[in-house]
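First up is the structure itself, then whatever we jot down about it.
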RNA sequence: GAUGGUGUAGCUCAGUUGGUUAGAGCGCCAGAUUGUGGUUCUGGAGGUCGCGGGUUCGAGACCCGUCAUUGUCCCCA
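Numbering (the working numbering), first residue to last: 249 to 715.
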């Protein structure tokens with residue numbers, strides 16, 4: 249091996265101690281809220297069989313799956329014809345496993361495999377990385393973490409309402425005071441497609457109108473025309489371009505507009521019921537917006553859909569994309585052989601939340617976990633004297649370490665300074681003789697002598713103050 | 001899949017119409033200070049200028065190719 253500059257694959261990142269402190273801060277807040285709402289933890293393997301993953305995220309999704317080369321002789325049984333069929337088709341001869349693409353599908357797989365033992369309705373949360381082989385951009389990575397919470401085994405809209413409540417709590421506990429939770433329902437979108445005479449064209453319709461807030465009315469119409477929607481359909485679609493108004497007004501308009509579509513009517517009813525729950529739970533309705541142009545990409549949603557964006561100073565959404573999204577899916581377990589299990593879930597994107605919080609300056613100071621007490625190392629004798637004390641400090645619950653080499657004190661203190669260790673115990677010949685140790689406060693620079701017991705005593709006090 | 005930008009010291013970057021020995025700041029190491037960090041001062045180390053080819057008397061700079069990286073579109077967290 250020649251000398252090579254080390255690197256990591258694009259779209260992936262290392263997380264150093266400072267970043268980890270902040271990321272764990274986010275994870276902890278989300279986990280706490282999930283647990284408070286009765287969700288239980290689940291982890292699934294990094295690798296799933298491709299048969300589990302394929303075909304569940306649309307055609308694009310299949311291409312974004314990371315496929316793992318079969319172990320052993322992966323060319324075994326591969327014919328020249330297979331290779332001639334092109335890399336896309338040949339890939340499935342060479343690979344039968346892939347990296348998980350999201351947490352919902354593995355969860356559905358788990359539910360089906362364990363249906364006999366689970367207590368329904370089953371609530372689980374899952375915090376793990378997922379992988380997507382797409383082109384990285386700002387706020388988009390190839391490896392990123394998702395924090396999912398789902399309920400399966402009930403179609404009660406109370407679950408949707410609880411998701412709305414959890415979004416409020418998570419945002420609140422992270423200090424993201426200003427956010428917008430957009431809600432829509434796939435049945436409404438289906439109803440719209442039926443109403444404008446474009447039933448069956450939901451896919452392209454959703455994709456186009458989802459861009460409304462990004463590219464505007466004209467471009468959306470243009471795209472629809474290109475995708476084969478008739479002028480008549482586009483004319484009937486006009487109500488969707490009305491500016492967002494009060495939720496109540498939107499309801500009334502919708503009811504009117506979609507009166508001829510039973511599916512649409514059901515969507516409106518579901519939304520109305522969800523809104524009643526939201527009111528009964530006393531949630532802040534100002535942050536919730538019914539937005540009939542919200543579509544979301546994942547094809548498996550069948551009912552309510554959610555999306556959360558952070559709002560920055562001046563009421564402008566933070567340009568990082570949505571930080572959370574979710575919805576209801578009725579048929580996810582069906583393709584694994586279990587019918588009639590409806591589920592609804594939410595997912596927070598930690599990486600984007602991190603970027604948002606960084607941009608808005610919402611992280612508390614000094615979350616980095618570090619040593620609280622450093623023992624200096626003068627020589628072998630002092631080292632032997634200090635080792636039992638070091639262990640006592642640790643037993644007392646103090647994050648402590650001893651400098652491993654008997655180098656110059658300057659270097660040891662420099663180390664403490666860089667690592668932001670707040671206290672240093674100096675033990676040399678004088679301290680050993682008298683039993684009076686020198687405790688140096690690195691913040692103030694002050695130094696006092698005291699017996700070791702008193703050092704520990706100090707820390708009890710300081711711990712309460714979160715040194 | 002389409003399309004822009006950027007690759008020079010550990011990091012962030014400068015480098016004039018192509019012209020001598022490629023620079024700065026920060027960081028690193030040592031000393032001033034043999035038991036005292038953060039400040040200061042002094043000294044020092046560190047570069048196949050992403051890689052390959054071409055133009056030229058001469059290339060970090062210009063041309064071609066290539067790789068890496070970053071952003072945008074599509075799509076998505």
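The beta carbon of each residue, even a glycine, is placed where N, CA and C say it ideally should be.
For the pair residue 620 and residue 301, the Cα-to-Cα distance works out to about 46 Å. For the pair residue 410 and residue 624, the Cα-to-Cα distance works out to about 53 Å. Taking C-beta atoms under 8 Å as the contact rule, residue 318 and residue 299 fail to qualify, at a distance of about 14 Å. Taking 8 Å as the cut-off, the Cβ atoms of residue 536 and residue 556 do not count as close.
In the three-state reduction of the DSSP assignment, residue 568 falls in the coil class, being assigned neither a helical nor a strand state. DSSP places residue 369 outside both helix and strand once states are collapsed to three, so it counts as coil.
The segment 372-384 and the segment 492-510 do not touch, with fewer than 3 CB-CB distances between them shorter than 8 Å. Cβ-Cβ distances below 7 Å link residue 406 to 525 in the same chain, with the five nearest sequence neighbours on each side left out; the list follows chain order. Separation of residue 706 and residue 672 (C-alpha to C-alpha, rounded to the nearest whole angstrom) is 13 Å. Here the segment 503-517 lies against the segment 439-447, with 3 or more beta-carbon pairs under 8 Å apart. Annotation for residue 361: the continuous alpha helix (DSSP H) segment containing it runs 352-361. The C-beta separation of residue 278 from residue 428 comes to about 19 Å, leaving the pair out of contact by the 8 Å criterion.
Classified as buried, residue 437 has 16 or more neighbouring CB atoms from the shown chains inside 10 Å of its CB. About 5 Å separates the Cβ atoms of residue 341 and residue 330, confirming a contact at the 8 Å cut-off. In this structure, the straight-line span from the alpha carbon of residue 354 to that of residue 669 is close to 43 Å. Secondary structure of residue 599 (DSSP, three-state): helix.
A direct Cα-to-Cα measurement between residue 650 and residue 690 gives close to 16 Å. Contact between the segment 601-608 and the segment 639-649 is absent, with fewer than three C-beta pairs closer than 8 Å. For residue 419, the enclosing alpha helix (DSSP H) stretches over residues 406-422.
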